[in-house]
Amino acid sequence: MKLNKISFILFCAVAIVTSSSVTFAQRDNKDDAGFSGKVTAVDARAKSITITPSARSGGEAKTFTVTDTTKIEVEGKAAKLAELKMDMMAKVIPGADPKSASVITARIGKRGDGGGAGGRGNAEAPGGGR
């Protein structure tokens, strides 16, 4: 009987630790995911960028401040705010201040039109890589 109580307590402890780890991992992944969508405004004077998520993703447009420490990449290469253009697809990872951008990665075109991740499209595989 005593062994059953110890086994039960041990099982509960493992279950709690496991579920806590999964919750923290999901929260961390969500934070790292950033905010993705289409560039709908770039204001060089105000040093800001506005991203609007796709209709499928839902949500409202967000405007982020771009600082001197914001890392910007277009098609995998270092870039400046002025190189970000309307209708580019972009992902913003917020900084310590959630209204400022820590990292902005952008690409030309939409998914599936040959302007995929890194701008390489499907050129590496015949038939679109499918």
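So the sequence shown is numbered by my numbering: it starts at 4 and just counts up by one. Note that beta-carbon positions come from the ideal geometry of N, C-alpha and C, so glycine has one too.
Could you please give me the residues that DSSP links to residue i through a beta bridge?
i    : result
A93  : G40, A109
D46  : S51
A104 : V69, P97
E63  : E63 is not bridged to any residue.
E86  : BP columns for E86 are empty, so no partner.
E76  : A81, T108
Would you mind stating whether residue i and residue j have Cβ atoms separated by less than 7 Å?
i   : j    : result
P56 : G40  : yes
F69 : K88  : Correcting the residue identity first, residue 69 is Val in this sequence and not Phe. Not closer than 7 Å, so no.
I54 : K65  : yes
P77 : A109 : Per the sequence shown, residue 77 should be read as Val rather than Pro. Going by C-beta atoms, V77 is nearer than 7 Å to A109.
Residues in the same chain with beta-carbon distance under 6 Å from residue i, minus the five sequence neighbours each way, listed in chain order, please.
i   : result
I75 : A82, I107
V45 : I52, L87
Expressed to the nearest angstrom, what Euclidean distance is found between the alpha-carbon atoms of residue i and residue j?
i    : j    : result
A58  : K102 : 22 Å
L84  : F11  : 58 Å
D71  : I111 : 23 Å
K94  : T43  : 13 Å
T104 : E86  : The question names Thr, yet the displayed sequence has Ala at residue 104. Near 16 Å, if we compare the C-alpha coordinates of E86 and A104.
T73  : K80  : 14 Å
P97  : K8   : 47 Å
Got a sec? Which residues, its chain only, sit under 7 Å from residue i by beta carbon, not counting five neighbours each side?
i   : result
D90 : K41, V42
Going by beta carbon distance, what residues of the same chain come within less than 8 Å of residue i, once the five residues before and after it are set aside?
i   : result
S60 : S39, G40
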